[in-house]
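Residue numbers in the sequence shown follow numbering that gives the first Met the number 0, run continuously in steps of one, and reach 293 at the last position. Every residue, glycine too, gets a C-beta built ideally from N, C-alpha and C. The model shown is predicted, which means the values in this text are computed figures rather than measured ones. Here is the structure we will look at, set down as structure tokens.
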Amino acid sequence: MRELASSFAAAASASSSASAPLLGGWWNDVNESPEWQHAAFFSLSAAYALVSAVALIQLIRIQRRVPELGWTTQKIFHLMNFLVNGVRALVFGFHVHVFLLRTKVYKLVLLDLPGLLFFSTYTLLVLFWAEIYHQARSLPTDKLRPAYIAVNSIIYVVQVCIWIYLGINDNAAVELASKLFIVAVSFVALLGFSVYGGRLFFLLRRFPIESKGRQKKLYEVGTVTAICVTCFLIRCVVVALSAFDRDVSLEVLDHPILDLFYYTLTEILPSALVLFVLRKLPPKRVSAQYHPIN
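Here it is as structure tokens:
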């Protein structure tokens with residue numbers, strides 16, 4: 000029996016050691032295959048273009064419904080979604096030229112700038128929810144918009160300074176700091192959605208059950224909060240790993256499958272789901288000269 004058990008263990012060990020190179024070889028073949036690279040990055044480009052088109056269509060529908068309201072938070076949110084996803088579509092459509100840029104800082108700008116714009120786009124929702132929460136609790140709202148502008152301004156200024164330094168001196172430590180800075184920015188967004196999404200959700204739960212629109216608003220706030228917290232958490236984890244492990248790098252051409260899953264889970268899918276959840280148009284404004292027939 001002992002001989003049988005030892006032979007079985009040896010066979011299992013030999014099988015696992017033999018399968019490991021096979022799996023590693025398959026993974027390397029996929030990563031280094033131009034066909035897989037083109038398929039993954041062109042798929043990302045098409046998906047981003049589709050989300051961008053949906054955001055633009057929704058913006059046009061809102062503008063036609065309430066043209067007199069000017070640039071509301073809702074309109075700006077859809078415009079920024081259109082721009083962010085449109086830029087991503089172009090970047091991945093020309094992925095060969097982007098990933099093979101000789102000057103590394105140009106590649107970092109093209110890959111990281113849309114991520115910062117994504118942050119600004121979705122923290123608009125945090126600002127909107129914060130204003131609703133503060134108004135409902137009779138708290139001052141005059142400092143919320145300046146705070147949003149200040150936070151975003153600081154983030155862009157710091158990131159531009161990092162890019163300028165990398166353009167002058169390609170330093171590995173500064174590149175690491177750039178990635179960790181993206182992690183910190185994503186964590187700020189995660190924290191904002193957790194705090195104000197959670198506060199507004201529990202505030203809505205305290206409303207009477209018969210309140211008009213209560214259930215729908217609960218669904219919207221709860222769903223969007225869960226989506227955005229999840230996507231920014233994934234971004235934090237993956238970017239932090241890529242900062243210390245080159246095998247998880249998102250800035251090379253030969254990681255197409257990793258890039259496909261990362262950008263799908265952190266930008267494409269969340270954007271599509273949020274646009275679907277927030278698809279309702281604002282109510283039409285009745286003209287003062289219009290009098291309904293009783």
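DSSP-derived helix/strand/coil call for residue i
i, result
"Trp35", "helix"
"Gly212", "coil"
"Ser42", "helix"
"Gly114", "helix"
"Thr140", "coil"
"Lys279", "coil"
"Asn27", "helix"
"Asn170", "coil"
"Pro145", "helix"
"Arg205", "coil"
"Leu274", "helix"
Status (buried if at least 16 other CB within 10 Å, exposed otherwise) for residue i
i, result
"Asn168", "exposed"
"Phe93", "exposed"
"Thr265", "buried"
"Arg331", "Because residue 331 is not part of the residues shown, which for the chain are 0 to 293, the question remains open."
"His77", "buried"
"Pro207", "exposed"
"Trp128", "buried"
"Ser241", "buried"
"Cys160", "exposed"
"Ala39", "buried"
"Ala54", "buried"
"Val273", "buried"
"Gly191", "buried"
"Pro269", "buried"
"Asn84", "buried"
"Ser14", "Interpretation of Ser14 is limited by its pLDDT of 44, a score under 50 that renders its predicted location unreliable; no figure is taken from the coordinates."
"Leu21", "Note on Leu21: pLDDT 48, under 50, position unreliable in the model; no value is reported."
"Gln158", "buried"
"Pro255", "buried"
"Ile56", "exposed"
"Leu146", "At residue 146 the sequence reads Ala, which differs from the Leu that was named. Exposed: under 16 other Cβ atoms inside 10 Å."
"Gly156", "Note that residue 156 is Val in the sequence shown here, rather than Gly. That one is exposed."
"Gln134", "exposed"
"Phe200", "buried"
"Ala172", "exposed"
"Arg60", "exposed"
Proximity below 9 angstroms, CB of residue i to CB of residue j
i, j, result
"Ser44", "Met79", "no"
"Val50", "Ala188", "no"
"Asp244", "Asn30", "no"
"Ile181", "Val238", "yes"
"Ile267", "Tyr47", "yes"
"Arg101", "Leu126", "no"
"Tyr262", "Phe91", "yes"
"Glu174", "Lys103", "yes"
"Gly196", "Val236", "no"
"Leu123", "Ile75", "yes"
"Leu99", "Leu249", "no"
"Leu58", "Phe81", "yes"
"Tyr132", "Arg204", "no"
"Trp162", "Leu107", "yes"
"Arg64", "Lys283", "yes"
"Ser42", "Leu257", "no"
"Arg234", "Ser177", "no"
"Leu68", "Pro281", "yes"
"Gln73", "Leu232", "no"
"Ser193", "Val150", "no"
Enumerated in chain order, which unbroken segments of the alpha helix (DSSP H) with a length of 4 residues or greater are wholly contained in the stretch 44–105?
72–92, 94–98
Enumerate, from N- to C-terminal direction, the unbroken beta strand (DSSP E) stretches of 3 or more residues contained entirely within the stretch 208–253.
none
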